[in-house]
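Contents: one structure, followed by commentary.
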Amino acid sequence: MNKRTPLYEQHIAAGGKLVDFAGWDMPINYGSQIAEHKQVREHAGVFDVSHMNVVDVEGPDALPFLRRLVTNDPIKLEPGKALYTCMLNEKGGVVDDLIVYCLDSYYRLVVNCATGEKDLAWMQKHSAGFDVTLTHRPELAILAVHGPQSIAIVCSLLDAGSAAIVGGLKNFRAAEIGDTLYARTGYTGELGLELIFPADYAAELWNKLLAAGVKPIGLGARDTLRLEAGMNLYGHDMTEETSPLESNLEQVISWEPADRDFIGRAAVSEHKKLQLEGKLPHLTGLVYEGRGVLREGQRVETDAGSGIITSGSFSPTLNHSIALARIPLGATSCQVDMRGTLVPVRIVKPSFVRFGKKVFE
Amino acid sequence: MSTRKFAESHEWIDVDADGVGTVGISDFAQSALGDIVFVELPTVGRTVAAKEEVAVVESVKSVSDIYSPVSGEIVAVNEELTGQPEAINAAAESTAWLFKIKLSDASELESLLDPDTYASQQH
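Line by line, the protein sequences give chains A and B.
Sequential numbering from 1 applies to the first sequence in the working numbering.
Sequential numbering from 1 applies to the second sequence in the working numbering.
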């Protein structure tokens with residue numbers, strides 16, 4: 001039997017259409033993916049992402065361990081700050097992408113669902129020699145509440161003191177209040193919070209959010225929201241076989257200080273040389289305003305060689321198709337093989353919608 | 001009123017007294033596809049064979065070929081769907097039909113499924 005989050009009964013009650021997602025029964029939608037997508041862009045929605053993995057890192061060597069493990073430099077962090085980053089293998093491929101939260105006495109890592117076991121084994125292996133304790137926290141629930149009204153609604157459920165703290169959080173900041181972590185992080189390109197807390201309260205909080213006008217949002221809309229925001233999906237836009245430099249992730253690599261030896265540094269430094277010679281493909285955005293939807297796996301033909309779509313879908317905000325594609329550096333014109341027909345598409349920066357508005361030219 | 005028949009590939013057909021069939025996709029199919037965003041309809045006048053690809057229905061999630069359940073000539077298409085593909089999600093088995101076809105061999109209907117048999121095959 002598949003695993004279930006603490007909100008399984010609530011998903012059924014809300015009319016959720018449950019599908020298998022990496023061994024979990026998860027809601028793909030509660031009726032209409034497009035309606036849910038627009039709900040998040042225009043009002044507020046809640047996603048149950050309790051299937052994702054929380055790993056707490058504690059001990060005197062927590063910081064040196066994390067500085068070895070991830071590409072972005074956690075030395076930038078102080079309590080209450082968060083960092084988006086990835087973990088690389090020795091070949092410079094992406095083991096996973098994750099968020100590192102720095103809290104008062106420990107670091108909290110949130111990694112993907114499907115990669116959970118692999119990531120835990122990877123972290124355990126590379127913690128050898130460091131005085132750290134890694135604790136997987138499957139007993140915690142995670143709710144993402146996103147949309148222009150989301151923060152105000154969450155704050156309306158809190159006492160005045162807590163509401164002031166949570167309402168005052170800036171992007172990529174987090175606050176632990178009691179046993180709940182409130183974090184200004186997410187995967188939609190909208191304002192919002194991620195709440196990590198004991199699963200025992202999950203149903204009660206879910207019901208309060210729904211009563212306050214927040215609508216449940218399935219994994220289908222989660223995917224179109226993140227694609228519009230130009231955010232990568234692990235296993236599609238980045239994998240163990242692709243360099244972060246081929247996945248629009250250079251901004252999460254801290255090259256300085258030069259003597260910080262994060263795992264994969266030597267390999268990704270070689271990728272950097274290839275990139276400077278124009279020999280490494282890059283991840284870019286594609287826009288198709290004709291009839292039809294760009295799909296993952298479709299071949300891309302450019303004036304500089306061929307490439308491939310890594311994520312493609314219909315954009316409910318823009319009313320046409322958008323995609324992320326890995327194509328040769330320097331390509332200026334581009335066509336996609338859409339079911340045997342080459343259609344012209346535009347190359348844009350890989351970010352399509354932020355705060356409800358189109359952001360590319 | 002004719003008896004509705006279903007193809008295993010999830011199309012339904014109602015045939016009137018003049019031997020013209022109205023074809024759409026089943027409610028099961030629209031539900032499995034999710035939000036439909038584009039529809040490509042056949043050209044009126046085209047002659048098609050049973051099980052030939054005649055239309056395309058594309059949802060946010062996936063793209064699906066639509067097959068003609070019978071042989072014949074396409075005599076009408078539901079143009080309203082081009083501007084309102086989401087109508088299929090709302091009324092797949094009624095107003096959101098895709099095309100009408102003048103049957104060339106009514107005996108082909110016998111190999112299609114009656115509603116109960118079709119329903120029993122879905123889950």
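In this text, a Cβ means the ideal position worked out from N, Cα and C, and glycines have one as well.
A direct Cα-Cα distance of roughly 26 Å separates residue 73 of chain A from residue 140 of chain A.
Secondary structure of residue 187 of chain A (DSSP, three-state): coil. For residue 38 of chain A, the three-state secondary structure derived from DSSP is helix. Residue nearest to residue 44 of chain A within the set A:17, A:217, A:101, A:113 is A:217 (criterion: CA-CA distance). Of all residues in the region 61 to 73 of chain B, those with a C-beta nearer than 9 Å to a C-beta of chain A are 61, 62, 63, reading in chain order.
The beta-bridge partner set that DSSP reports for residue 323 of chain A consists of A:286, A:312. Of the residues B:36, B:28, B:70, the one whose Cα lies closest to the Cα of residue 56 of chain B is B:36. Here the region 292 to 310 of chain A lies against the region 325 to 339 of chain A, with 3 or more beta-carbon pairs under 8 Å apart. Look at residue 38 of chain B: its C-beta is under 7 Å from a C-beta on chain A.
Residue pairing by DSSP puts residue 306 of chain A in a beta bridge opposite A:301.
Residue 344 of chain A sits exposed, since fewer than 16 C-beta atoms from the chains shown fall within 10 Å of its C-beta.
Non-local beta-carbon contacts of residue 237 of chain A in its own chain, meaning distances under 7 Å to residues more than five positions away in sequence, involve 247, 283, 310, 311, 324 in chain order.
Secondary structure at residue 155 of chain A: helix, using DSSP grouped into helix, strand and coil.
From the listed residues B:4, B:13, B:83, the smallest Cα separation to residue 70 of chain B is found for B:13.
The alpha-carbon separation between residue 203 of chain A and residue 23 of chain A amounts to approximately 22 Å. Straight through space, the alpha carbons of residue 48 of chain A and residue 189 of chain A are spaced by roughly 17 Å. Just so you know, the alpha carbons of residue 121 of chain B and residue 180 of chain A end up roughly 47 Å apart. 291, 292, 293, 295: these are the residues of the region 274 to 297 of chain A whose beta carbon lies less than 9 Å from some beta carbon of chain B, given in chain order.
Taking C-beta separations shorter than 6 Å and ignoring five residues to either side along the sequence, the partners of residue 221 of chain A in its chain run 33, 36, 37, following chain order.
Runs of the beta strand (DSSP E) lying entirely within the region 38 to 77 of chain A and spanning at least 3 residues, in chain order: 45 to 48, 53 to 58. Taking 7 Å as the cut-off, the Cβ atoms of residue 102 of chain B and residue 72 of chain B count as close. Annotation: residue 79 of chain B has no Cβ neighbours in chain A at a cutoff of 9 Å; minimum Cβ distance is about 14 Å.
In this structure, DSSP gives residue 171 of chain A a state outside helix and strand, which the three-state scheme calls coil.
Residue-level contact check: residue 24 of chain B does not touch chain A, since none of the beta carbons of chain A fall below 7 Å from its beta carbon. Residue 229 of chain A counts as buried, since at least 16 other C-beta atoms from the protein chains shown sit within 10 angstroms of its C-beta. Among the residues of chain B, those whose CB is under 7 Å from the CB of residue 34 of chain A are 35, 60, following chain order.
Here the alpha carbons of residue 64 of chain B and residue 85 of chain A stand approximately 37 Å from one another. Boundaries cannot be given for residue 255 of chain A, as no alpha helix (DSSP H) includes it and DSSP labels it neither H nor E. For residue 192 of chain A, the uninterrupted beta strand (DSSP E) run begins and ends at 192 to 198, by DSSP. For residue 128 of chain A, the closest C-alpha among the options A:66, A:196, A:50, A:192 is that of A:66. Contact annotation: residue 264 of chain A and residue 88 of chain A have beta-carbon atoms nearer than 7 Å. The three-state secondary structure of residue 335 of chain A, taken from DSSP, is strand. Taking the Cα positions, residue 356 of chain A is about 36 Å away from residue 77 of chain B. Judged by DSSP in its simplified three-state form, residue 132 of chain A adopts coil rather than helix or strand. Inclusion of residue 100 of chain A and residue 120 of chain A in the CB contact set at 7 Å is not warranted, their separation being larger than that value.
For the pair of segments examined, the region 51 to 69 of chain A was found not to touch the region 169 to 176 of chain A: the number of CB pairs separated by less than 8 Å stays below three.
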